[in-house]
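Enquirer: Chains A and B supply the protein sequences, listed in that same order.
Using my numbering, the final residue of the first sequence is 525, and nothing's skipped along the way.
Using my numbering, the final residue of the second sequence is 422, and nothing's skipped along the way.
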Amino acid sequence: MILFLSQQVIEMKIIFEYEEENSRHLQDEDISIELPSNLVRKELPIPDISEVNVVRHFTNLSRMNFGVDVGFYPLGSCTMKYNPRVNEDAARLEGFSNLHPLSPEECAQGSLQLMWELKEYLKEIAGMDDFSLQPSAGAQGELLGTMIAKAYFRFKGEKRTKAIIPDSAHGTNPATASMCKLETITIPSDKRGNMDLNKFKESLDPEVALVMLTNPNTFGLFDENTLKISDLAHKNGTLMYCDGANMNALLGITRPGDQGFDMIHLNLHKTFSTPHGGGGPGAGVLGVKSFLADYLPIPRVVKHDGRYSLDYTKRKSVGRVRSFYGNFGMHVRAYSYINSWGTNIRKVSEHAVLNANYLQSLLKDTFELAYDRRCAHEFVLSSKKFGEKSALNIAKRLMDYGFHPPTIYFPLVVPEALMIEPTETESKETLDKFAMTLKKVASEIRESPEVVRQSPLTTPVGRLDEVAAARRPNLRWQPSSKSNQSDRQ
Amino acid sequence: MDYIPTTEKDRKEMLNLIGVGSINDLVSEFNPVLTSKLELPKPKSELELIQHMKGLAQKNKVLRCFAGAGSYNHYIPSAIGHLLTRGDLFTGYTPYQAEISQGTLQAMYEFQSFMCLLTGMDVANASLYEGSSALAEAALLSCSYTGRNHIFVKGGLHPQYLEVLKTYCEGAELVLTDRVDSNTACVIAQNPDFYGNVENLQHLSEQAHRVGALFVACVVEPTSLAVLEPPGNYGADMVAGEGQSFGIPLSFGGPYLGFMAVKSFLLKKLPGRICGMTTDSRGNRGFVLTFQAREQHIRRERATSNITTNQALMALASTIYLALMGRSGLTRVAKLSYARAHLLNGKLAELGFKNMNSKPFYNEFVVNVPGSAEALTSKLLEKGILGGVNLGDNDLLVCCTEMNSVQDIDDFVSVAAGD
Chain A
37 MILFLSQQVI
47 EMKIIFEYEE
57 ENSRHLQDED
67 ISIELPSNLV
77 RKELPIPDIS
87 EVNVVRHFTN
97 LSRMNFGVDV
107 GFYPLGSCTM
117 KYNPRVNEDA
127 ARLEGFSNLH
137 PLSPEECAQG
147 SLQLMWELKE
157 YLKEIAGMDD
167 FSLQPSAGAQ
177 GELLGTMIAK
187 AYFRFKGEKR
197 TKAIIPDSAH
207 GTNPATASMC
217 KLETITIPSD
227 KRGNMDLNKF
237 KESLDPEVAL
247 VMLTNPNTFG
257 LFDENTLKIS
267 DLAHKNGTLM
277 YCDGANMNAL
287 LGITRPGDQG
297 FDMIHLNLHK
307 TFSTPHGGGG
317 PGAGVLGVKS
327 FLADYLPIPR
337 VVKHDGRYSL
347 DYTKRKSVGR
357 VRSFYGNFGM
367 HVRAYSYINS
377 WGTNIRKVSE
387 HAVLNANYLQ
397 SLLKDTFELA
407 YDRRCAHEFV
417 LSSKKFGEKS
427 ALNIAKRLMD
437 YGFHPPTIYF
447 PLVVPEALMI
457 EPTETESKET
467 LDKFAMTLKK
477 VASEIRESPE
487 VVRQSPLTTP
497 VGRLDEVAAA
507 RRPNLRWQPS
517 SKSNQSDRQ
Chain B
4 MDYIPTTEKD
14 RKEMLNLIGV
24 GSINDLVSEF
34 NPVLTSKLEL
44 PKPKSELELI
54 QHMKGLAQKN
64 KVLRCFAGAG
74 SYNHYIPSAI
84 GHLLTRGDLF
94 TGYTPYQAEI
104 SQGTLQAMYE
114 FQSFMCLLTG
124 MDVANASLYE
134 GSSALAEAAL
144 LSCSYTGRNH
154 IFVKGGLHPQ
164 YLEVLKTYCE
174 GAELVLTDRV
184 DSNTACVIAQ
194 NPDFYGNVEN
204 LQHLSEQAHR
214 VGALFVACVV
224 EPTSLAVLEP
234 PGNYGADMVA
244 GEGQSFGIPL
254 SFGGPYLGFM
264 AVKSFLLKKL
274 PGRICGMTTD
284 SRGNRGFVLT
294 FQAREQHIRR
304 ERATSNITTN
314 QALMALASTI
324 YLALMGRSGL
334 TRVAKLSYAR
344 AHLLNGKLAE
354 LGFKNMNSKP
364 FYNEFVVNVP
374 GSAEALTSKL
384 LEKGILGGVN
394 LGDNDLLVCC
404 TEMNSVQDID
414 DFVSVAAGD
């Protein structure tokens, strides 16, 4: 019996389609706004709906959704591990959640202490000398790192205009380089899934500002040449940037700072188990070696004589990348998570790697491995022997069996890619079931292809017409009185 | 605490199948391998953990809040927390697999709709990080659309927003200038501005459009949109800003909610996720992520932005907030915030505090404190009141919302009067 995939039809309205209802809100007759009429709004086309209907609306929406709490969610590159509830309680403590960011420092000692200690933990875990907790997500951490690289070379009086990025990198890496007006040099991968060392050497010229490596990379492989790459980059005066999205493989085992990286961002919503929230919020905190610490954003959280404060001294800081101090609520959850594991944190990564290798062993003969090596915390299969669009069809059919599909068609360089990251919080029984189901779906592709092509059959909606969505965009609800008017330029 | 279900027996079977003797054999190539344990705190049980966290939270002191400046203390209806912590919503991720993500997707569509209705724009994205970086993204979009690289900012922009804009401009090699001419990509104006001033900016949008620049309105206190003319009505091409006022806690500055809404001619340049309505294979209505060809995972170095993870859960919180409040509730919040701020301003005026606002204000205002503003905020602090934000020269930026009761205001005033 699969509970989530109920065939029950929920007739979902859009929130604007509810009939007008009596407002639950009191109205104060005597309040009027005394502003000139050209400043005042004439109409507010937002419906009044009763509380019970709003609660039912969003409860029913939640029933049409899949999260880690619902079932196995092996979405490669995203580290969909269990999110401990106690961390939610911690973040909702009145002292944390109701504190105004411009409260005097003496009223914010608890928050400042938490941020300072989190920074210390992350320094130790990543092997870095300093951290900024400001970036809101991994991509903003990368942006900050790239800005720091530019500022660093500007101070040194060097003109460097390129970033070296392997073809297995997250799309954010080249997108970030472009936002900072750096030219991306793409390096292909070698036969073992490492960045091709010879091609790298050929591209490493005096104009290269930084090398952006994800390690382990998006094939789920620890680059065997990491130390060599760092060494070559440094001899060339180039900075080493680590996309730390895959840090879940490395906790307590090895440290990017010891691998020669000068900067790293960590995704607190991946490795440190803050919930993904349907697409955020995250936190993409940035760690640096001491020679780059002066470039970090202000304010910095500092500690003097047991008292915590915010230091606005500019030094060489690139400035702020956001208001206030970062996604503090995520800092609380990550801090709480690290405190629960403490010195045992290595166990997280050991089991993330164990689970991935176990699942890879179960599946490698049915599919093809992108690279036939032991993996780190995730691995990439190719389903190309099952034909075109097989990765898509497998993903859709898996939903009928109650699983969230793996990441598909990424990395882009693997045909019909299925990128699978089980994480450490899943049991052997879950992994066995998932492997068995994936094999079953593979046999269905040959034996009952029509069923697979039409899948998913048991989800609240069937396959959606993405082409129509882009061709005839409907991106918002229109009040009916305005639906025929054109307000477009 | 230990969140790993694997037993010793499981571990042995798994290692056997993999063909290695120990977990260490699996990680031996992660060089250089650490030889000692990390220096971290002692592991904690759930009980020890929550006691430790409570101890830290108690070191903070939550005050009666008269501070705004980009972070607004509005009431959060109870139902939001209950709905937000439903695991099917908050433990999912970006809805790449639409068939099992209709909850997240439909909420995104509703969020986009609310933002359009409030701002008077045609389309909105599914959220950005927070207000200041959303505004910086709007500047980048303007430059990409116009092919120009000069940005003009009207005075009165939140100083932290200006700092962030400068950081992004430095990275993207753009220039902040003090005039509007044929090199100007966009004109940016915050409304209500940092000091609370409200203005009809029609003249500024016309000035921008005359030279072929875009006009960007920045909204930091979005409850104002319930009563103020939407920026679309005074010529804005884009509205970027902060949605924290809509059901998101102060939380020492984050996570908050960046948003961006634009006129339809800018759709293909919009950064971030966008949800669209479509139909499924059974002919029913459904929702998908659309226009993904703008995004980094497809377009890579030619993407409109690098943003990936956004603030989906905060967008959901604000969607639930707007649904619960409705037209009546939202209007009441705005009117109360306005009324309380004007009440306090009036009472302070009677004490000889000069109002420094150059224009009508909404729920934030600047008063010049006779004597020392710092001394006043210290005295207020003793009474458990966060009196506002000191701007220097004894100017104090004060904010009221529906949370500031008449009693709170009287307490503020009696401290100010030196009673």
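C-beta: ideal position from N, C-alpha, C; glycine also.
(1) What residue from A:Leu169, A:His301, A:Ser397, A:Leu287 has the CA that sits closest to Thr250 (chain A)'s CA?
(2) Excluding the 5 residues flanking Gly73 (chain B) on each side, which residues of the same chain have their C-beta closer than 6 Å to its C-beta?
(3) With a Cβ-Cβ cutoff of 8 Å, do Pro335 (chain A) and Tyr344 (chain A) count as a contact?
(4) What three-state label does DSSP hand Tyr237 (chain B) in the structure shown?
(5) Report the rounded CA-to-CA distance for Pro83 (chain A) versus Glu414 (chain A), giving the unit in angstroms.
(6) Which of the three DSSP states, helix, strand or coil, is assigned to Phe360 (chain A)?
(7) Touching or not, the region 272-285 of chain A and the region 133-153 of chain A, by the rule of three or more beta carbon pairs under 8 Å?
(8) DSSP three-state call for Gln521 (chain A): helix, strand or coil?
(9) Alpha carbon to alpha carbon, what distance is there between Asn348 (chain B) and Thr94 (chain B)?
(10) In the DSSP assignment, the beta strand (DSSP E) including Lys339 (chain A) goes from what residue to what residue?
(11) Name the chain D residues that come within less than 8 Å of Cys119 (chain B), Cβ to Cβ?
(12) Taking Leu18 (chain B) as the reference, which of A:Tyr394, A:Gly107, A:Val368 has the closest Cα?
(13) Would you give the residue range spanned by the beta strand (DSSP E) that Phe415 (chain A) belongs to?
(14) For the region 266-293 of chain A, enumerate the residues whose C-beta is nearer than 9 Å to any C-beta of chain B, in chain order.
(15) I'd like to know whether the C-beta atoms of Gly90 (chain B) and Asp125 (chain A) end up nearer to each other than 8 Å.
(16) Could you confirm whether any beta carbon from chain A is found closer than 8 Å to the beta carbon of Ile103 (chain B)?
(17) Apply the 10 Å Cβ neighbour rule to His206 (chain B) and answer buried if 16 or more other Cβ atoms are within range, or exposed otherwise.
(18) What in chain B is Cβ-close to Met366 (chain A), meaning under 9 Å?
(19) Would you mind sorting Asp240 (chain B) into buried or exposed? The rule is 16 or more other CB atoms within 10 Å of its CB.
(20) Taking the DSSP output, what are the residues bridged to Lys198 (chain A)?
(21) For the structure I just gave you, are there three or more beta carbon pairs, one from the region 365-372 of chain B and one from the region 196-204 of chain B, closer than 8 Å?
(22) Using beta-carbon positions only, say whether Met48 (chain A) and Gln109 (chain B) come within less than 8 Å of one another.
(23) Taking the alpha helix (DSSP H) that Asn393 (chain A) falls in, what are its first and last residues?
(24) Evaluate the contact criterion for the region 337-347 of chain B versus the region 400-418 of chain B: three or more CB pairs, one atom per stretch, below 8 Å.
(25) With 7 Å as the C-beta to C-beta threshold (strictly closer), list the residues of the region 208-230 of chain B near chain A in chain order.
(26) For His312 (chain A), go through chain B and note every residue whose CB falls closer than 9 Å to its CB, in chain order.
(27) For the alpha helix (DSSP H) containing Asn332 (chain B), name the first residue and the last one.
(28) Across which residues does DSSP place Gln193 (chain B) in a beta bridge pair?
(29) For Cys411 (chain A), does the three-state DSSP call read helix, strand or coil?
(30) Which term fits Thr38 (chain B), buried or exposed, when burial requires 16 or more other beta carbons within 10 angstroms of its beta carbon?
(31) Where does Tyr277 (chain A) sit, in a helix, a strand or coil, going by DSSP?
(32) Can you round the beta-carbon distance between Ser172 (chain A) and Arg358 (chain A) to whole angstroms, since I take them to be within the 8 Å contact cut?
(33) According to DSSP, Cys278 (chain B) sits in a beta bridge with which residue or residues?
(34) Are Met116 (chain A) and His387 (chain A) touching if we call contact CB-CB under 8 Å?
(35) What are the boundary residues of the alpha helix (DSSP H) that includes Val401 (chain B)?
(36) Enumerate in chain order the residues of its own chain whose CB-to-CB distance from Ser309 (chain A) is below 6 Å, with the five nearest sequence positions on each side excluded.
Expert: In this structure, then:
(1) Position 214 of the first sequence holds residue 250 (chain A). The shortest Cα separation from Thr250 (chain A) among A:Leu169, A:His301, A:Ser397, A:Leu287 belongs to A:His301.
(2) By 1-based counting over the second sequence, the position of residue 73 (chain B) is 70. Excluding sequence neighbours, Gly73 (chain B) sits near His161, Val223.
(3) Along the first sequence, read from residue 1 onward, the residue named residue 335 (chain A) stands at position 299. Along the first sequence, read from residue 1 onward, the residue named residue 344 (chain A) stands at position 308. No.
(4) Counted from its first residue, the second sequence places residue 237 (chain B) at position 234. Reduced to three states, the DSSP call for Tyr237 (chain B) is helix.
(5) Your numbering for residue 83 (chain A) matches position 47 in the first sequence. Your numbering for residue 414 (chain A) matches position 378 in the first sequence. The straight-line gap from Cα to Cα measures roughly 46 Å.
(6) Numbered from its first residue, the first sequence carries residue 360 (chain A) at position 324. In the structure shown, Phe360 (chain A) sits in coil (DSSP, three-state: anything other than H, G, I, E or B).
(7) no
(8) Taking the first residue of the first sequence as position 1, residue 521 (chain A) is located at position 485. Residue confidence for Gln521 (chain A) is low, a pLDDT of 37 falling below 50, so the modelled location carries little weight; the figure read from the coordinates is stated next. Coil.
(9) Along the second sequence, one-based indexing puts residue 94 (chain B) at 91. Along the second sequence, one-based indexing puts residue 348 (chain B) at 345. Distance between the alpha carbons of Thr94 (chain B) and Asn348 (chain B): 45 Å.
(10) Here residue 339 (chain A) is taken as the residue at index 303 of the first sequence, counted from 1. It spans 336-340 - the beta strand (DSSP E) in which Lys339 (chain A) sits, taken as one unbroken run.
(11) Among the protein chains of the structure shown, namely A and B, there is no chain D.
(12) As a position in the second sequence, residue 18 (chain B) is number 15, starting the count at 1. Answer by Cα proximity: A:Tyr394.
(13) Within the first sequence, numbered from 1, the residue matching residue 415 (chain A) stands at position 379. Residues 415-418.
(14) Ala285, Leu286, Leu287, Gly288, Ile289, Thr290, Arg291
(15) As a working note, residue 90 (chain B) is residue 87 in the second sequence. As a working note, residue 125 (chain A) is residue 89 in the first sequence. No, they are not a contact pair.
(16) The sequence position of residue 103 (chain B) within the second sequence is 100, counting from 1. Yes - at least one Cβ of chain A is within 8 Å of the one on Ile103 (chain B).
(17) What you label residue 206 (chain B) is simply residue 203 of the second sequence in a count that begins at 1. Exposed.
(18) Taking the first residue of the first sequence as position 1, residue 366 (chain A) is located at position 330. Gly257, Pro258, listed in chain order.
(19) Reading the second sequence from its first residue, position 237 is the one you call residue 240 (chain B). Its Cβ being crowded by 16 or more others within 10 Å, Asp240 (chain B) is buried.
(20) Numbered from 1 along the first sequence, position 162 holds the residue referred to as residue 198 (chain A). Its beta-bridge partners are A:Glu219, A:Val244.
(21) yes
(22) By 1-based counting over the first sequence, the position of residue 48 (chain A) is 12. By 1-based counting over the second sequence, the position of residue 109 (chain B) is 106. Taking 8 Å as the Cβ cut-off, Met48 (chain A) and Gln109 (chain B) qualify as a contacting pair.
(23) Against the first sequence, residue 393 (chain A) aligns to sequence position 357. Here the alpha helix (DSSP H) through Asn393 (chain A) covers 382-399.
(24) yes
(25) Ala229, Val230
(26) Residue 312 (chain A) sits at position 276 when you count from the first residue of the first sequence. Those within 9 Å of His312 (chain A) in chain B are Phe93, Thr94, Gly95, Tyr96, Thr97, Thr312, Ala315, Leu316.
(27) The residue you call residue 332 (chain B) lines up with position 329 of the second sequence. Reading the sequence as shown, one finds Gly at residue 332 (chain B) and not Asn. Element bounds for Gly332 (chain B): 315-353.
(28) Numbered from its first residue, the second sequence carries residue 193 (chain B) at position 190. Answer is B:Cys221, bridged to Gln193 (chain B).
(29) As a working note, residue 411 (chain A) is residue 375 in the first sequence. In this structure, Cys411 (chain A) counts as coil in the three-state DSSP scheme.
(30) The residue given as residue 38 (chain B) occupies position 35 in the second sequence. When all chains shown are included, Thr38 (chain B) counts as exposed.
(31) Locating residue 277 (chain A) in the first sequence gives position 241, counting from the first residue. Residue state, collapsed to three classes: strand.
(32) Walking along the first sequence from the start, residue 172 (chain A) turns up at place 136. Walking along the first sequence from the start, residue 358 (chain A) turns up at place 322. So it is a contact: roughly 6 Å between Cβ atoms.
(33) Against the second sequence, residue 278 (chain B) aligns to sequence position 275. Cys278 (chain B) pairs with B:Leu292.
(34) Locating residue 116 (chain A) in the first sequence gives position 80, where the first residue counts as 1. Locating residue 387 (chain A) in the first sequence gives position 351, where the first residue counts as 1. No.
(35) For the purposes of this step, residue 401 (chain B) is taken as the residue at position 398 of the second sequence. Val401 (chain B) -> not in any alpha helix (DSSP H); beta strand (DSSP E) instead, spanning 398-402.
(36) Walking along the first sequence from the start, residue 309 (chain A) turns up at place 273. The residues are Lys117, Asn119, Tyr373.
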